[in-house]
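>
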Amino acid sequence: MRTAYRTCPLCEAACGLELTIDADRVVAARGDREHVFSHGFVCPKGATFGQLTDDPDRLRRPLVKGVEVSWAEAFAAVRAGLRPIIERYGAQAVALYLGNPNAHTISGGLYVAPLIRSLGSRNVYSASTVDQMPKHVSCGYLFGNPLTIPVPDLDRTDFLLMLGANPWESNGSLATAADFPGRLKAIQARGGRFVVVDPRRTRTAEHADEHLWIRPGTDAYLLFGIVHTLFAEDLATIPEYVSRVEPVRELAGGFPPERVADVCGIPAERIRGLARELAAAPTAAVYGRIGTCTVEFGTVTSWLIDVVNILTGNLDRPGGVMFPLAPHLSGAAKPGKGFRTGRWHSRVRGLPEVKGELPVATLADEIETPGDEQVRALITIAGNPVLSTPNSGRLDRALSGLDFMVSVDPYLNETTRHADVVLPPTDSVRKGHYDFSFLALSVRNFAAYSPPVLPPDPDVPDECDILARLMLIVLGQDGDDPAVVHDELLRQALRRVPEDRHTLVTGDHPAERLIDVALRTGAYGDGFGENPDGLTLDRLKAAPHGIDLGPLRPRIPAALRTASGTVELCVPELAAEAERLRDALDSPARDGMVLVGRRHLRSNNSWMHNVPALVKGRDRCTLQIHPADAERLAVADGDAVQVTSRAGGLVARAEVTDRVMPGVVSLPHGWGHDLPGTRMTVAAEHPGVNSNLLTDELVIDPLSGNSVLNGIPVELKPA
């Protein structure tokens, strides 16, 4: 037996794992106690890393029409399926869907963007528009770049206000923080406080100094009440690098705490108290996550979170919210052009492009609606939209009408069962790992690279090779050697490097060579020999527990990409949406029940339910309902309940609990493993119900195109 180290690829926390290897198998996994970021922390998902890798249901060979074939036959089938569609109908007839796991792979960081460019289709969709796009849009408008996202400086803050986030279960999101719960406990241990705002008493809320119940989807009203108070009581501190402040002051005038209290359910005096506490704390941070993004006013809510951070003087300072600097990025100041959306629009509903993609809520429209540029073929990469997108029952039906579909995925799941060809990549232990996405969101700067733990399987390519061959196919090139693509990507990466330094590039795999170039030219790099102490891939390989790069540091103005070079606090698009929010104050309150989601520590969306250790124990896919609502509806704990919405219906088992507020019911997402044609034995034994049969594809946040997955109006009755 031997020991190997690697970064866990199963969520955003980027924890280090210590793996025990015996006979080319991972037989045990635990937290790496010497890891510079996670210090031995591991969650149940990471502890089952070997079981996930050895899952007997994982595909090892490609499928064509459900039959195992050789890789040559599989790619020939892809070429025969895609090329005639592109040649006859054009690139717009092919759509691409990217799932959440792409953010956890090297191929997702290096090869997906070139594939999108090679395809040349505007029909690009991803899990971002059911998850986080409002944060990208709000940060794009504020800072000029949708990827410039400030994270709470958890290790130095004195006061943390958390909305719509449950890191005790999720491990954190859009804020990479290994052992997020431990960091929250540390705030309290040093005399600080954290407050949770949530319509559920989550595990995070249980540990908080205070839990404030809020009506689903009304966080923007609470935040505007805080902003109103900051201005009204002269508590705002305006940094010199902030412009367009007065429009925010004027907008906030329409949201006094007394007016918004009735809507959000938090007393006016408590709203004022939060504003005062944020302004008075030595350091403070406001952090919001999926509960603040997956609502009708998701972009405005995400924007207001940072407006509060800015007005309290807590942007870009230790203990507030700060901009991480990932080792593969330069961090140098560059002229900015600002951010805009709507460079193109969807064919059927006219929804605007955001960050290079269209809202996944309209994918079924594009497949079902005849006409020029109708989507006739689909490529999915590491995604399961049949379970993860709104009104997923409609999308499930639409996929069966495609002319051709190819999926890059290790499972035959609810989505890939529709694919004509399934291309399963190699196991994660047989490929390297580098967190392109999460190192750029880390609450402390660090670097880590994990070489393959086991030797490559000569019969199974990794995603980089698979995506490279897909590029050649969509480009219409006759060859099938992925080295053509690998060499071209390296040539492009080296364009700004003197030619006599090209031989310094190291790496045993094409992706490793690209990472080496990015590290050498990044903020901490050796500059291809100019800084002998700087980062290179070889230096990271020699540091299996990672390299600590220190606490977050102020990065304004270098981090800004706005045209003005300032933080632009209010652009016209946000002002107009704030006015719509103000108008909604005068709308009659909706009666009836609303649905919200929830997370669990043993799940990550839909893709870990086939591991026995992660689904054992009590049923977690239950409909949580408050005792008062259960009594009114004559529903007892364990009863079957019929739940219906405009989009569809399902039957779930009731869990009567005061963990949800009256008028609110909660179902976890990612379940519904009862569809025919899959090959996920354990998941099928614990199917649960698909909450996205209830969510509505017609209701989205207009600025970001993000689906509204929380606050869904539903009707309940005993089944």
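Under the numbering used here, read the sequence shown as residues 219 to 937, first letter to last.
Using N, Cα and C, we set each Cβ at its ideal position, and we do this for glycine too.
1) Measure the Cβ-Cβ separation of Ile-324 and Cys-682 and say whether it is below 8 angstroms.
2) Buried or exposed: which applies to Ala-502, given that a residue is buried once 16 or more other Cβ atoms fall within 10 Å of its Cβ?
3) Regarding Ala-600 and the ligand COA, is the C-beta to nearest heavy atom distance less than 7 angstroms?
4) Three or more beta-carbon pairs under 8 angstroms between the region 914-932 and the region 347-355, yes or no?
5) CB Leu-613 to CB Pro-628, shorter than 8 angstroms?
6) Under DSSP, the beta strand (DSSP E) around Gln-860 begins and ends at which residues?
7) Leaving aside the five residues before and after Lys-555 along the sequence, list all residues of the same chain whose C-beta is less than 8 angstroms from its C-beta, in chain order.
8) Looking only at DSSP bridge pairs, what is Phe-664 linked to?
9) Just to confirm my understanding: we take Gln-710, look at its own chain, exclude 5 residues before and 5 after, and list those with CB closer than 7 angstroms. What are they?
10) Which residues bound the alpha helix (DSSP H) around Thr-519?
11) Measuring alpha carbon to alpha carbon, tell me which of Gly-574, Gly-611, Ala-600 ends up nearest Asp-583.
12) Answer with buried or exposed for Leu-983, where buried requires no fewer than 16 other C-beta atoms within 10 angstroms of its C-beta.
13) Would you mind sorting Trp-562 into buried or exposed? The rule is 16 or more other CB atoms within 10 Å of its CB.
14) So the candidates are Ala-937, Ser-884, Leu-620, Arg-877; which of them puts its Cα closest to the Cα of Ala-977?
15) Taking C-alpha atoms, which residue in Val-460, Gly-560, Ala-486 lies nearest to Asp-524?
16) DSSP state of Ser-610, grouped into three classes?
17) With a Cβ-Cβ cutoff of 8 angstroms, do Ser-606 and Gly-888 count as a contact?
18) Where do the ends of the alpha helix (DSSP H) carrying Tyr-307 lie?
19) From this set, Val-678, Lys-283, Arg-251, Val-244, which residue's C-alpha is nearest Ala-266's C-alpha?
20) Near Asp-242, which residues of its chain fall below 7 angstroms by C-beta distance, leaving aside the five closest residues on each side in sequence?
21) Let me confirm a value: Leu-737 is counted as buried when at least 16 other C-beta atoms fall within 10 Å, else exposed. Which label applies?
22) Just reading off the beta strand (DSSP E) that Leu-758 is part of, what are its end residues?
23) Quick one: give me the first and last residue of the beta strand (DSSP E) that Glu-428 is part of.
24) Indicate the three-state DSSP secondary structure (helix, strand or coil) for Ser-461 in the structure shown.
25) May I ask which residues mark the beginning and end of the beta strand (DSSP E) holding Leu-641?
26) Quick one: using the 10 Å Cβ neighbour count with 16 as the cut-off for buried, is Ala-470 buried or exposed?
27) Going by the DSSP bridge assignment, what does Glu-873 pair with across the sheet?
28) What separation, rounded to the nearest whole angstrom, lies between the Cα atoms of Asp-698 and Asp-275?
29) Within the continuous alpha helix (DSSP H) that includes Asp-801, where are the two ends?
30) Going by C-alpha to C-alpha distance, which of Gly-810, Arg-594, Ala-600 sits closest to Arg-850?
31) Keeping to the same chain, check which residues put their C-beta closer than 8 angstroms to that of Pro-936; ignore five residues upstream and five downstream.
32) Hey, how far is the Cα of Ser-548 from the Cα of Tyr-652?
33) Using the three-state DSSP reduction, which class does Phe-654 fall into: helix, strand or coil?
34) Within 10 Å of its beta-carbon, does Glu-903 have 16 or more other beta-carbons around it, so buried, or fewer, so exposed?
35) In terms of residue numbering, what span does the alpha helix (DSSP H) encompassing Thr-941 cover?
36) Enumerate in chain order the residues of its own chain whose CB-to-CB distance from Phe-412 is below 8 angstroms, with the five nearest sequence positions on each side excluded.
Taking the coordinates as given:
1) yes
2) buried
3) The ligand COA is absent from the structure shown, which contains no ligands of any kind.
4) yes
5) no
6) Where Gln-860 is concerned, the enclosing beta strand (DSSP E) stretches over 858-862.
7) Gly-362, Arg-779, Ala-781
8) Residue pairing from DSSP places Phe-664 in a beta bridge opposite Asp-766.
9) Taken in chain order, the list of residues that qualify is empty.
10) 516-529 is the extent of the alpha helix (DSSP H) around Thr-519.
11) Gly-611
12) A question about residue 983 goes unanswered here, because the residues of the chain that appear run from 219 up to 937.
13) exposed
14) The chain is shown from 219 up to 937; residue 977 falls before or after that span and cannot be answered.
15) When only C-alpha atoms are compared, the closest one is Val-460.
16) Helix at Ser-610.
17) Against a cut-off of 8 angstroms, the Cβ pair of Gly-888 and Ser-606 comes out as a contact.
18) 289-307
19) For the sequence presented, residue 266 should be read as Thr rather than Ala. It is Val-244.
20) Leu-672
21) buried
22) No beta strand (DSSP E) contains Leu-758, which is instead part of the alpha helix (DSSP H) from 755-759.
23) Counting along the chain, the unbroken beta strand (DSSP E) around Glu-428 starts and ends at 428-430.
24) Here DSSP, grouped into helix, strand and coil, assigns Ser-461 to strand.
25) From DSSP, the beta strand (DSSP E) with Leu-641 extends over 639-641.
26) buried
27) Gln-842
28) 29 angstroms
29) 790-802
30) Gly-810
31) Leu-851, Ala-852, Val-853, Asp-857, Ala-858, Val-859, Gln-860
32) 17 angstroms
33) coil
34) Flag for Glu-903 reads exposed.
35) It is not possible to answer for residue 941, since the shown part of the chain is limited to 219 through 937.
36) The answer, listed in chain order, is Phe-377, Leu-378, Leu-379, Met-380, Leu-402, Ile-405, Gln-406, Ala-426, Asp-427.
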